[in-house]
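For reference, the structure is listed below as structure tokens.
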Amino acid sequence: MTSSPNFFSSPTTATPHRTRRKSRFTYKHLSTLSHSSPTCPLRVIAHIDLDAFYAQCETLRLGIDPTLPLAVQQWQGLIAINYPARAFGLTRHVTIAEAKEKCPGIICQHVATWKEGEAKWTYDLESADAAREIATRKVSLDPYRIQSRRILAVIKDSLPADKQRVEKASIDEVFLDLSAQVHGLLLERYPDELSGPPPYDDPSEPLPRPPTTALDWAADALVDLNATAEHSEEDDPDWDDITTLLASEIVRDVRARIFTDLHYTCSAGLARNKMVAKLGSAHKKPNGQTVIRNRAIEHFLSAFKFTKIRNLGGKLGDEVVAAFNTELVSELLPVPIEQLKKQLGDDTGSWLYGIIRGEDTSEVNPRTQIKSMLSAKSFRPSINSFEVACKWLRIFVADIFSRLVEEGVLENKRRPRTINLHHRQGAQTRSKQAPIPLGRTQMTEEGLFELARTLLAQVIVDGRAWPCANLSLSVGGFEDGVKDNKGIGGFLVHGEEARALREQVVVQKVKSRGGGGRSEGPPVAKRRRVGEGGGITRFFAEFGKRESVVEGEEMTEAAEIGRVARRVPVDSGEDAEDDEDDLSGTSDAEAEPPPEALSAIQRPAAQDHLASSQSLIDQVYPPEPGDPGGDVPPHEQHDDNADNEDHDNDLRLTSNSLHTPQDTYLCPRCHTRLPLTTKPEHEDFHFAQDLQHEASTPPTARLPPLKPVQPTRIESAGPRSPSGGGGGGGGSGLGSRGSGGSGRGRGRGRPVGSGGLGSKERGQRKLAFG
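According to the numbering used here, the stretch in the sequence shown is residues 169 to 938, in order.
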């Protein structure tokens, strides 16, 4: 978009800074302008309205001279009249006969229609045949909707994408909030005055006055000021005048772009809010642009009837007219706010007091997409059967579906969620609604028709439905379709792409581990390794490693050398998958360094837990009788066990020499000295061993065979028998199962097989079982 750089009617005249008056606006106002705040006094809103839009569409479609009078006909009425025809005094309320009487040369073009049984709207209906075809045809406004979308696309393309706020108000009008774009132009054209920070860093400080005394409004229709107002044309312009001027340049370029690209003329109004801008766009039609400065708003509105203002044209407007016996803004302005509140209520009175003075803080909603689609028909005469109604439903569905296709329903850009049917029989109106199911396939015209047919059947079942005077079908609840949606296969790679990806991951792993074992970048996702060394053995190996490094997180140089040395070179004949598993599928916790590279602190815990975890595995999954890895009597064990035991003792000695009594402890179960901070976790480990052993032992093997015993009396407290404890001989200690003392003793509360560890206590008696 290009803007005219020379917009001053006279050369810029600057006065000395010490004598220049301050602006009425502050640095805070300038900041809120960039955020398009609806309360900013520098805000600028534009309203663009197409001139006799339907008539222009038909003029361009037919290729006739735009100076010829033309009217758009719908059945026996006129819905649009171009400006050459209005010069003859024609309005939309006249009949076709009256229009031809006043303007004999007028062209009456009937709108497009849907015909029963056809799948596309056409222009084949002649004006003279409209009355006869009304019972078998339906009006289509699709040609005008198509042109409206084209115009909207040009408008949005004319504005910067990051600063535009465009609201589609109707098929032929839009609102533009130009505040953010104007803010950028202000800083660009007035860097000396506006680029710096506010004085004393106080945003409430006033801005300096603009360095100009006159502005060039070009061909804009500038609303004059009231001669008796406090402002006059002799006053120097302030920043609100500058922002309005810059916005007028933008809108002028947008209107020129619409005419150049699509050959449509439009009018525009510019003001600080939507209400005044909309009134301004209709002030100088056709093809005009009206600017209402802040100082001219009150004078501009005083010439209007307040019933022309939005929300004052219905019942509320009638109430105000009845209360104050006037419909002119100028006669309502002197009424004090207290009287308005008394007559209309506090909220309505306060709102009316502000709106007739041009106060409106409604935002420009950047909404350009439709929210619903409707297709309806009033029947004259009424229809009386389900079959005839279904024929019209077929036309409704074809009408709506063609518009859905233009909205991108086939490309899954947008889709409706609900379908509604409205039925009127006499004075009774009934409605039915149903959700549009989300299917794996695209929405189809036939699917919509079946939904509509089902809703009509529900209406008929509910009660009397004939004769039907009006029937309509609509879809709504539009939502954006899911973009880039794909099945699970879309997330997988195959063939050469997968092999290249694996090689890339391997290279990244090698690079990340080549310099000290730690990667500077983000960690690469690791895959779980389920091969050799998995299961409970791997768990306790990691557990032992965590215990061993609790003292400090530093790795010795020998351990790091061992870590690297442990990586076995991959043979050239192996699979790439195996390569990936070896390099990238093994984490630091999985790739344990060899025993000779472990520090003295790390060795005992890691090896002890590995041995303990292996014993647990053997208990859960006992090996075959011939398996050398199974339970072997101590006198038949291989010499390797003795070697390992000696090696463990050496490691324990080394560990003991490095730990002090203050920070280590000796485990009474496995006789391993460990850091004191790991005592709770280590005890939990032994507790887990006991539970595992108990769970893996058959119930019959937990206790020795029971022998009949004679009940015994409660023994008195006395000195403990030296033979107590359930040992052999005739001892009578706690846990003996026979008077002969031949049974195995069991201490109170002791695990199975720990007999002989306890003795009889005071107040105890022998327990008999069986």
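Cβ atoms here follow ideal geometry from the backbone N, Cα and C, with glycine treated the same way.
Euclidean distance between Cα positions of residue i and residue j
i           : j           : result
residue 250 : residue 440 : 30 Å
residue 619 : residue 253 : 45 Å
residue 275 : residue 548 : 27 Å
residue 286 : residue 560 : 11 Å
residue 860 : residue 676 : 42 Å
residue 692 : residue 674 : Bear in mind that a pLDDT of 48 at residue 692, under 50, signals an unreliable position, so the number given afterwards is only what the model happens to contain. Near 10 Å, if we compare the C-alpha coordinates of residue 674 and residue 692.
residue 407 : residue 193 : 7 Å
residue 212 : residue 551 : 52 Å
residue 433 : residue 598 : 42 Å
residue 509 : residue 580 : 51 Å
residue 324 : residue 446 : 19 Å
residue 459 : residue 198 : 21 Å
residue 498 : residue 329 : 41 Å
residue 583 : residue 279 : 28 Å
residue 421 : residue 218 : 15 Å
residue 361 : residue 380 : 12 Å
residue 227 : residue 529 : 38 Å
residue 491 : residue 208 : 33 Å
residue 463 : residue 332 : 26 Å
residue 472 : residue 573 : 43 Å
residue 613 : residue 568 : 9 Å
residue 626 : residue 648 : 30 Å
residue 514 : residue 504 : 13 Å
residue 553 : residue 298 : 24 Å
residue 634 : residue 524 : 49 Å
residue 255 : residue 502 : 37 Å
residue 641 : residue 263 : 29 Å
residue 312 : residue 224 : 10 Å
residue 517 : residue 607 : 52 Å
residue 386 : residue 418 : 13 Å
residue 493 : residue 500 : 10 Å
Residues sharing a beta bridge with residue i, DSSP
i           : result
residue 282 : 306
residue 601 : 588
residue 322 : In DSSP, residue 322 forms no bridge with anything.
residue 546 : 638
residue 215 : 343 and 437
residue 190 : 376
residue 834 : 841
residue 540 : 644
residue 582 : 648
Identity of the residue in the options nearest residue i by Cα
i           : options               : result
residue 196 : 369, 481 and 284      : 369
residue 293 : 338, 265 and 240      : 240
residue 388 : 355, 311, 849 and 452 : 452
residue 455 : 427, 479 and 444      : 427
residue 242 : 449, 235, 300 and 231 : 300
residue 478 : 504, 501 and 443      : 443
residue 849 : 864, 201 and 833      : 833
residue 355 : 647, 522, 202 and 835 : 202
residue 847 : 857, 858, 831 and 862 : 831
residue 200 : 246, 304, 261 and 349 : 349
residue 593 : 621, 585, 546 and 555 : 546
residue 284 : 664, 307, 296 and 266 : 307
residue 449 : 524, 480, 343 and 417 : 343
residue 562 : 538, 600, 384 and 615 : 615
residue 352 : 334, 327, 336 and 596 : 327
residue 382 : 403, 364 and 391      : 403
residue 522 : 837, 543, 465 and 839 : 465
residue 357 : 678, 484, 235 and 414 : 414
residue 646 : 506, 575, 474 and 842 : 575
residue 309 : 295, 839 and 247      : 247
residue 461 : 495, 435, 484 and 411 : 411
Contact belief for residue i with residue j at Cβ below 8 Å, rounded distance in angstroms
i           : j           : result
residue 587 : residue 566 : With a Cβ gap of about 14 Å, residue 587 and residue 566 do not count as contacting.
residue 122 : residue 340 : Given a span of 169 to 938 for the chain in the structure shown, any question on residue 122 remains unanswerable.
residue 376 : residue 191 : 7 Å
residue 322 : residue 425 : 6 Å
residue 214 : residue 346 : 6 Å
residue 270 : residue 257 : 6 Å
Residue i CB to nearest heavy atom of the ligand MG below 7 Å
i           : result
residue 668 : Looking at this structure, you won't find the ligand MG or any other ligand, since it has none at all.
Original post:
Residue ranges of each alpha helix (DSSP H) run of no fewer than 4 residues wholly in the stretch 467-493, ordered along the chain?
Top reply: Counting only runs of 4 or more, we get 483-492.
Subject >> Complete runs of the beta strand (DSSP E) confined to the stretch 337-372 [at least 3 residues] >> reply: DSSP runs (the beta strand (DSSP E)) wholly in the stretch 337-372: 341-345.
Subject >> Contained alpha helix (DSSP H) runs [length at least 4] in the stretch 426-450, N- to C-terminal order >> reply: Listed in chain order, the complete alpha helix (DSSP H) runs (minimum 4 residues) inside the stretch 426-450 are 442-449.
Original post:
Hey, which unbroken runs of the alpha helix (DSSP H) at 4 residues or more fall wholly within the stretch 237-299?
Top reply: Restricting attention to alpha helix (DSSP H) runs no shorter than 4 residues, the stretch 237-299 encloses them at 251-254 and 264-270, ordered along the chain.
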